[in-house]
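In order, the protein sequences belong to chains A and B.
Going by my numbering, the first sequence opens with residue 2, and the numbers climb by one from there.
Going by my numbering, the second sequence opens with residue 142, and the numbers climb by one from there.
Virtual Cβ for every residue (Gly too), placed ideally from N, Cα, C.
Working notes, structure below.
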Amino acid sequence: MTSFHVNGKPVQVEVDPSTPLLWVLRESLGMTGTKFGCGMALCGACTVHLDGKAIRSCVAPVSRAEGKRVTTIEGLSESLTHPLQRAWIELDVPQCGYCQSGQIMSAAVLLAENPKPTDKDIDEAMSGNICRCGTYPRIRKAIHKAAEMAAEGKAK
Amino acid sequence: MVARREFIRTGAAIGGGLLVGLYTPLSGRSGSAHEAAEKDVAVNAFVRIGTDESVTVIAAHSEMGQGVYTSLPMLLNEELQADWSRIRVEAAPVDKAYNHPVFGMQMTGGSTTSPAEWERYRKMGATARVMLVQAAATKWGVEASTCKVEKGYVVHAATNKRASYGSLANAAAQLTPPANVPLKNPKDFTLVGKPTRRLDTPSKVNGKAQFGLDVTVPGMLTAVVARPPVFGGKVAKLDASAALKVPGVKAVQQVPSGVAVIAERFWPAKLGRERLVIEWDLGPNAGLSTEKMLRDFAETALKPGAIAKKTGDPEAALKTAAKTLTAEYDVPYLAHAMMEPLNCVVDLRADSCEIWTGTQFETVDRASAAQVAGLPPEKVQIHTTLLGGGFGRRANPNSDFVVEAVHVAKAAKTPVKVVWTREDDLRGGWYRPMWHDRFVAGLDGNGDPIAWTHTIVGQSIMQGTLFESFGIKDGIDSASVEGAADLLYGMPNLQVDLHTPKIGVPVQWWRSVGHSHTGFSVEAFFDEVAHAGGKDSYELRRKLLANQPRMRAVLELAAQKANWGSKLPSGVGRGIATHFSFDSYVAQVVEASVEKGAVKVHRVVCAVDCGLVINPDTVKAQMEGGIIFGLTAALKTEITLKDGRVEQGNFHDYQMLRIFESPEIEVHIVPSGENPTGVGEPGVPPVAPALANAIFAATGKRVRRLPIRASDLA
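Right under this line is the structure:
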């Protein structure tokens, strides 16, 4: 039995502890917003937060989450009010959309650590996330936009 | 366009409301409006207007990122004029009514959704609007012509009456649909042509979007399949005992494509597959090697091939030329590498088969699935989910991933989801073919090209498929020579010939298809010709496009926006290329530099003429995406074979362009009143040659094979 929190709620799962967190989220807990892309921590589609840090859940055994807090795309904000979601919508970032949960979860950690990132900061923080549709120029713009929105939100 | 033997059909929706759709009479029966009005035939709706004011547009094409779940509703609502915020989209079931108006089957591909649906979706919207207006007019006892519509309401100004579409839907459903509804003049459009936010974005930023891999059905098991390490291999001996001991593994079953491990969930299935002991009969392809194929292709190109195009007398012209120039280009097999690996859910029962998958090819998939299931096609239904990328892979002529899943479901005797890992996906074949292109050009004394011969060597995509009779004429697969045989540049003596070797590697359309190689080779060689003749490559293009005003305008716009001819920082080169594909005209200018063998792409300026634009922001997004897709092919990816085995397996050895390598991209759209043309693919072909030409400008090194290697730039 592995116990941890997902998006603020306690969960307990009974699976082989070597099972990657990704598949526990998707199959045991039915939270399919986190995506499978490569299974080798190469594409970032499975990015979630573990105690606030971005991890690739496809290679993280669920045992690593024991007693910890996991945040997934579903926990970012259901009502689309997170600055990253708002910026993503405003600039119409997604095309197929499959990688975008991971992109947004990586960007969320970047903004939490660096509220006003430069292009270079963005490139560094986001280089683990592949987008085959090629939405990179918009991702870059949307992260700047979200940073602005977050700053305005705080100023109010 | 609405085909001749189809009728607009309307009716009441289950639970109330108005449906507007298409009725296709069965073949062999004479078509008549009377028949179309038969009450026992279900309406295959394109729009459903609910009494709750909901407006649901049914999409006959799949959403794979290209934006059709927004552009189709835009077309429909341009005429319907419902409140845009009420519009929802649903994937169409498989039905003849949703067949592609040109290709006659339900599918998404060839960058054709906008051109093909340009009229049909507007007609559906207009029909619904006319009926809603008539319902209101009848209710109020006024002439329909005196009513207007605004944002989901019918309004009669003189009597100050107003009724919502939802409140009129039931009454409208009782009316006879009008014949020949007039459509708006494009100059009166209020929605089409305006940048419009995508309807699918919200669900793609909160985890709610449903892709095939996200589907769960009751009682479903998950399977992975061990496929042969060499194309065409077969299982010779199987020992499943260790796999069956993995907790959660329910069964191991042989299927035609390999060995399926069926388990409660993905992880035990994958662990089980690792424990299979399989002896493979590798078959005839165990000796395939990319190195040998490269040599064979180059040798083949020296012999005359089947003539795809001949104008003038290139042979004679080459003899009289002041200067001749020969060059050979090579591009590799490429995998589509959609971010969502292939997958398919099948629930097979004695008398029905339900399938959930992200597909571009509903009609073909249904027919193929029916055959395996032993059911008539109408007993097979496909639920098309969102596609986590398609790029052509999900339009498989053999329906490989669907057929396999039906076989697995048949063996499992339970609903099953077949999941492909990234390795399965990259090694699973159906690649963009590898190509060799050999050119000889002749220049006159002024340095102008007077002869151009182009010999192409590569596998046919359509050979052996149900598209063979449509796509192959006189031994020429049109997809092999597109972008070469239809060269837009004025060339007095031109020849394009083709060799089509048969090789046991399955090949398929890959975003921009044949243009993905001809775009590169033709435009890179054009640069060599211009340079050999002492010409500016932009000016020579302009000159030879004298009879191609649309392409010339696109070329000029790209050059102007990129400040062609202006000075660049030292070490940076500028390259230009044009390409006509999917009836659209694209030109791109790339600025790039090379440092220690590493190529850096600084900026790409793109100009496109794709006729009348439905959603300008989508056109821009598709050009941006196409450019990054093309740059990935130019700089990163190749599928190679050794001893019949694919050498790449995941994103460490099949690398994608990443954000830090992604250039600044500018897209400029040429305003046009022509009918819409393709957008999803035409952005891809020009970028590799524009980059190759920029590298030449920066370093003096010619790039003649992709992906670009540091060793070629040393």
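- In the DSSP assignment, Gly162/B forms a beta bridge with Arg150/B and Ala186/B.
- Within the stretch 41-113 of chain A, the beta strand (DSSP E) runs of at least 3 residues that lie entirely inside it are, in chain order, 48-51, 54-57 and 70-72.
- Against chain A, a Cβ distance below 8 angstroms from Asp758/B picks out Asp93.
- Nearest in C-alpha terms to Glu788/B, of all of Pro590/B, Ser707/B, Leu567/B and Asp853/B, is Leu567/B.
- Proximity of the stretch 825-837 of chain B to the stretch 713-732 of chain B meets the contact definition, three or more beta-carbon pairs being nearer than 8 angstroms.
- Interface with chain B (9 angstroms Cβ-Cβ cutoff): Glu79/A is included.
- Glu495/B does not reach chain A, its nearest Cβ partner there being about 19 angstroms away, counting only Cβ pairs nearer than 8 angstroms.
- With a contact defined as Cβ atoms closer than 8 angstroms, Ile617/B and Gln649/B miss out at about 18 angstroms.
- Under the 9 angstroms criterion on CB atoms, Ile769/B is classed as interfacial with respect to chain A.
- In the three-state reduction of the DSSP assignment, Phe352/B falls in the strand class.
- If you ignore the 5 residues before and after Lys378/B, its C-beta comes within less than 6 angstroms of the C-beta of Glu420, all in its own chain and listed in chain order.
- With fewer than three CB-CB distances shorter than 8 angstroms, the stretch 308-323 of chain B does not count as touching the stretch 529-537 of chain B.
- Against Ala148/A, chain B offers no close residue; the least beta-carbon distance is about 16 angstroms (beta-carbon pairs closer than 7 angstroms).
- Residue burial is scored here from C-beta neighbours: Gln207/B has at least 16 other C-beta atoms within 10 angstroms and is therefore classed as buried.
- Comparing alpha-carbon positions, the option among Ala298/B, Arg563/B and Val290/B lying closest to Ser305/B turns out to be Val290/B.
- In the DSSP assignment, Gly373/B falls outside any beta strand (DSSP E) and carries neither an H nor an E.
- Burial is judged here by how many other beta carbons sit within 10 angstroms of a residue's own beta carbon; Thr73/A has at least 16 and is buried.
- Looking at Arg270/B, Gly533/B, Thr641/B and Val581/B, the one whose alpha-carbon comes closest to that of Thr249/B is Gly533/B.
- Check the Cα spacing between Phe667/B and each of Gly612/B, Glu519/B, Ser621/B and Pro827/B: the tightest is with Pro827/B.
- Approximately 22 angstroms separates the beta-carbon atoms of Ile810/B and Val742/B; this is outside 8 angstroms, ruling out the contact.
- Counting along the chain, no beta strand (DSSP E) covers Phe542/B; the unbroken alpha helix (DSSP H) around it starts and ends at Asp541 to Ala553.
- The beta carbon of Ala61/A does not come within 9 angstroms of any beta carbon belonging to chain B, so the residue lies off that interface.
- Contact of Val12/A with chain B is not assigned, every C-beta pair being separated by 9 angstroms or more.
- For Met797/B, the residues of chain A that pass the 7 angstroms Cβ criterion are Ile131 and Arg133, in the order they occur in the chain.
- Between the alpha carbons of Val557/B and Lys292/B lies a distance of about 45 angstroms.
- Per DSSP, the unbroken beta strand (DSSP E) holding Gly599/B starts and ends at Pro590 to Gly599.
- If you ignore the 5 residues before and after Glu231/B, its C-beta comes within less than 6 angstroms of the C-beta of Thr197 and Ile199, all in its own chain and listed in chain order.
- Residues of the stretch 723-750 of chain B with a C-beta atom less than 8 angstroms from some C-beta of chain A do not occur.
- DSSP, reduced to helix, strand and coil, places Trp561/B outside both helices and strands of the structure shown, so it counts as coil.
- When C-beta distances to chain B are compared with 8 angstroms, the residues of the stretch 106-126 of chain A below that value are Ile123, Asp124 and Glu125, in chain order.
- If you compare the alpha carbons of Tyr470/B, Val486/B, Arg507/B and Pro242/B with that of Phe407/B, the shortest gap goes to Val486/B.
- Of all residues in the stretch 517-536 of chain B, those with a C-beta nearer than 9 angstroms to a C-beta of chain A are Leu527, Leu528, Gly529, Gly530, Gly531 and Phe532, reading in chain order.
- Listed as beta-bridge partners of Pro11/A by DSSP are His6/A.
- Around the beta carbon of Glu67/A, fewer than 16 other beta carbons sit within 10 angstroms, so the residue counts as exposed.
- A distance of 9 angstroms or more separates the beta carbons of Val754/B and Pro823/B.
- Less than 9 angstroms separates the beta-carbon of Asn587/B from that of Gly674/B.
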